[in-house]
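Heads up: the structure comes next, in structure tokens.
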Amino acid sequence: MSYMQDEAVAQYCRFAWQENRFGVPNFPETCAKFAIEYMGDRPMRKALDVGCATGRSSFELARSFDEVTGIDFSTRFIMEAQRLKESGVLRYAVPEEGEIVSYREIRLNKFGLEHASKKVNFWQADACNLKPIFSGYDLVLAANLIDRLYDPRKFLESMASRIVPGGLLIVASPYSWSEQFTPKEKWLGGFKRDGENVTTLEGMKEILAKDFRLVETRDIEFVLQETARKHQHTVSEMSVWERR
Ligand SMILES: C[S@@+](CC[C@H](N)C(=O)[O-])C[C@H]1O[C@@H](n2cnc3c(N)ncnc32)[C@H](O)[C@@H]1O
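448 is the number of the first residue of the sequence shown in this note's numbering; add one for each residue after it.
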């Protein structure tokens, strides 16, 4: 099997599958672990991982859920997630210094995920325009997604019809709004309205309050490694919402 040529996807592979950096736990693994903890004694039949990239959190959720669907807008990510599910192996090269790259390999069995992978399926889909078939979930996880969407409100508004009563919507985001991804008029927060600051958490509450109860928020750090010596350290806010 050859090494993946797609640099952006390879970078995400490193982020999703490599060991902790500077003592900060792996982000998608941590999100899935907390999601399972928050589920408590709720049924764990079906979960949806939106913006799943190469599928780390989808595979991790499948340790506890009967069935997990990972979706991503990017066909390139979904192809690699699917390849990993089918073959149990992914090989990729990441930049270390200038032209120098290092070669890495992911093996699902090294993570104890070879059985979980049978319960995961991956689809290319748009979070802001999901087909009705994506419904009936006990959990929807949207990790580091909302500030990358072209219409995050549309995504959040559709959640009530996709999650069963008593089920959870878990959103994690550093709220790094940028017009590169989201037109300013579509931002959920991070602006002033009538002279008052509107935070993204407040913006989400306005949209979700009718159908969801905010259970808890917590910070989850992550480190994104760019080269051997360059890293970005970020704090994402996880908010847990229970469908009424
Ligand atoms: C910052 S990454 C987060 C990946 C992963 N959830 C994590 O926490 O590491 C954002 C992901 O959202 C995906 N994405 C962006 N817009 C999307 C959309 N409209 N529908 C579904 N996925 C989308 C991107 O392709 C990318 O994989």
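Every residue, glycine too, gets a C-beta built ideally from N, C-alpha and C. All of these numbers come straight from a predicted model, not from anything done at the bench.
I'd like the ranges of any beta strand (DSSP E) spanning at least 3 consecutive residues and lying wholly in the stretch 621 to 662. Counting whole runs of 3 or more residues, the stretch 621 to 662 contains the beta strand (DSSP E) stretches 638 to 640 and 643 to 645.
Between which residues of its own chain and Val-662 is the CB-CB distance below 6 Å, once the five residues before and five after are set aside? So the qualifying residues of the chain are Val-687 and Glu-689.
Which residues in the same chain as Asn-568 place their Cβ atom closer than 7 Å to its Cβ, once the five residues preceding and following it in sequence are excluded? Hits under 7 Å: Thr-516.
Would you tell me roughly how many angstroms separate the C-alpha atoms of Asn-576 and Leu-603, rounded to the nearest one? Annotation: Asn-576 to Leu-603 spans about 11 Å, alpha carbon to alpha carbon.
Relative to the alpha-carbon of Ser-623, which residue among Glu-632, Ser-605, Thr-647 and Gly-613 has its alpha-carbon at the smallest distance? Nearest to Ser-623 by alpha-carbon distance, out of Glu-632, Ser-605, Thr-647 and Gly-613, is Thr-647.
Could you tell me if Arg-640 is buried or exposed, where buried requires 16 or more neighbouring beta carbons within 10 angstroms of its beta carbon? Exposed, since its Cβ has fewer than 16 Cβ neighbours within 10 Å.
Can you tell me where the alpha helix (DSSP H) holding Leu-603 begins and where it ends? Looking at the DSSP string, the run of the alpha helix (DSSP H) that includes Leu-603 is 599 to 604.
Quick check on Pro-625: buried or exposed, where buried means 16 or more other Cβ atoms within 10 Å of its Cβ? The amino acid at residue 625 is misidentified as Pro; the sequence shows Ser. Exposed.
Looking at C-alpha atoms only, which residue of Gln-627, Arg-538, Asp-585 and Asn-591 is the closest neighbour of Thr-681? Closest option to Thr-681, Cα to Cα, is Asn-591.
Are the stretch 661 to 677 and the stretch 531 to 540 touching by the rule of at least three beta carbon pairs closer than 8 Å? Contact between the stretch 661 to 677 and the stretch 531 to 540 is absent, because fewer than three Cβ pairs lie under 8 Å.
For the stretch 556 to 566 and the stretch 602 to 622, state whether three or more C-beta atom pairs, one from each stretch, are separated by less than 8 Å. Taking 8 Å as the limit for Cβ pairs, the verdict is that the stretch 602 to 622 does not touch the stretch 556 to 566.
Opposing strand residues paired with Pro-542 [DSSP bridges]: DSSP lists Val-548 as partners of Pro-542.
Rounding to the nearest angstrom, what Cα-Cα distance links Glu-673 and Arg-551 in this structure? About 15 Å.
When you compare each of Gly-637, Phe-512 and Gly-636 to Asn-479 by their alpha carbons, which one comes out closest? At residue 479 the sequence reads Ala, which differs from the Asn that was named. If we check each option's Cα against that of Ala-479, Phe-512 comes out closest.
So who's on the other strand from Met-685, going by DSSP bridges? Partner(s): Ala-619 and Arg-665.
Would you mind sorting Ala-619 into buried or exposed? The rule is 16 or more other CB atoms within 10 Å of its CB. It counts as buried.
Straight-line gap, Gly-470 to Phe-669 (C-alpha atoms, nearest Å): Cα to Cα, Gly-470 sits roughly 10 Å from Phe-669.
Considering only heavy atoms of ligand 1, does any lie closer than 7 Å to the CB of Asp-519? Yes, the beta carbon of Asp-519 sits closer than 7 Å to at least one heavy atom of ligand 1.
Is the beta carbon of Asn-591 within less than 7 Å of some heavy atom of ligand 1? Annotation for Asn-591 indicates a beta carbon within 7 Å of some heavy atom of ligand 1.
Looking only at its chain, what residues have a beta carbon closer than 8 Å to the beta carbon of Pro-630, apart from the 5 residues adjacent to it on each side? A distance below 8 Å between beta-carbons, with the five flanking residues on each side excluded, links Pro-630 to the following residues of its chain, in chain order: Tyr-597.
Exposed or buried, Gly-636, counting other C-beta atoms within 10 Å across all chains shown (16 or more means buried)? It counts as buried.
Look up Gln-458 in the DSSP assignment and say whether it is helix, strand or coil. In the structure shown, Gln-458 falls within a helical segment according to DSSP collapsed to helix, strand and coil.
Below 8 Å between beta carbons: does that hold for Ile-483 and Leu-508? Taking 8 Å as the Cβ cut-off, Ile-483 and Leu-508 qualify as a contacting pair.
Taking the beta strand (DSSP E) that Ile-518 belongs to, which residues open and close that run? Going by DSSP, Ile-518 is part of the beta strand (DSSP E) stretching over 514 to 519.
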